[in-house]
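**Q**
Residue numbers (UniProt numbering): 1 to 66.
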């Protein structure tokens with residue numbers, strides 16, 4: 001894998017490709033296309049904040065109320 005410059009995070013995409021004829025394809029072909037299009041490995045960028053004990057207590061109170 002050396003020499004590959006792969007991005008760490010999966011790039012965001014706001015584009016939606018449309019192919020009106022897709023639904024007219026045989027189900028086997030559509031299934032093959034979906035399997036190739038689905039991203040199998042993904043790195044998620046997760047932010048975790050520590051808001052302090054006061055917020056923890058408030059969250060615990062909310063859980064008890066619901």
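Note that CB positions come from ideal geometry on N, CA and C, so glycine has one too.
#1: How big is the Cα-Cα spacing for residue 35 and residue 25?
#2: From residue 56 to residue 48, what distance separates their C-alpha atoms?
#3: Compute the Euclidean distance between the alpha carbons of residue 37 and residue 51, then round it to the nearest angstrom.
#4: Just reading off the alpha helix (DSSP H) that residue 54 is part of, what are its end residues?
**A** Quick answer:
#1: 15 Å
#2: 14 Å
#3: 39 Å
#4: 53-65
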